[in-house]
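First comes the structure, then the notes that go with it.
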Amino acid sequence: MELRAELTSRDGVKSPLRVSCQPQGNLRGLLNGLVRLREQVSALLDPLVQQESSGAAAAIGDQSRAGGEGERDEEDIDEEDEDEEENHINAKARPDGPPLKRTKTHS
Numbered sequence: 001m002e003l004r005a006e007l008t009s010r011d012g013v014k015s016p017l018r019v020s021c022q023p024q025g026n027l028r029g030l031l032n033g034l035v036r037l038r039e040q041v042s043a044l045l046d047p048l049v050q051q052e053s054s055g056a057a058a059a060i061g062d063q064s065r066a067g068g069e070g071e072r073d074e075e076d077i078d079e080e081d082e083d084e085e086e087n088h089i090n091a092k093a094r095p096d097g098p099p100l101k102r103t104k105t106h107s
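Just so we're aligned, residue 1 is where the sequence shown starts under full-length UniProt numbering, counting upward by one.
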């Protein structure tokens with residue numbers, strides 16, 4: 001038995017992946033093949049993830065140096081805390097008891 005996969009990059013470049021599972025018809029062989037296939041996919045994706053994460057970190061650094069939205073003063077933080085407190089519903093009968101009703105979470 002053989003597992004096949006194909007990874008297509010953002011540029012449209014296709015990377016075929018192929019793993020043979022031995023012995024045929026055995027579930028353990030299939031699971032071992034899946035593990036090897038996963039390792040191959042991780043090996044292909046790890047450099048891309050590293051590249052993207054270092055690019056994102058550089059963009060955040062540029063934004064904070066430029067004085068963008070990355071900087072917030074204490075007033076902004078205090079206002080957000082007050083807003084969260086106003087939206088939080090505490091519906092317990094006693095401090096150690098279960099809630100009377102389900103509380104809504106705002107997403």
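Backbone N, C-alpha and C fix where the C-beta goes; we use that ideal spot for every residue, glycine too. Only a predicted model underlies this, so the values are computations on that prediction, with no experimental measurement involved.
CA-CA distance, residue 41 and residue 8? Taking the straight line joining both Cα atoms gives about 11 Å.
Output yes or no for whether 9 Å exceeds the beta carbon distance between residue 21 and residue 2. Yes, the Cβ-Cβ distance between residue 21 and residue 2 is below 9 Å.
Range of the contiguous beta strand (DSSP E) that encloses residue 111: An answer regarding residue 111 cannot be provided, because it is not within the stretch 1 to 107 covered by the chain.
Could you spell out where the beta strand (DSSP E) holding residue 14 opens and where it closes? Per DSSP, residue 14 belongs to the beta strand (DSSP E) from 14-20.
With distances taken Cα to Cα, identify the nearest neighbour of residue 35 among 26, 19, 56. Out of 26, 19, 56, 19 has the C-alpha closest to the C-alpha of residue 35.
With DSSP collapsed to three states, give me the class of residue 32. It is helical.
Sequence-distant residues of the same chain with beta carbon closer than 7 Å to residue 44, five excluded per side: Non-local C-beta neighbours of residue 44 in its own chain, meaning closer than 7 Å and more than five positions away in sequence, comprise 7, 15, ordered along the chain.
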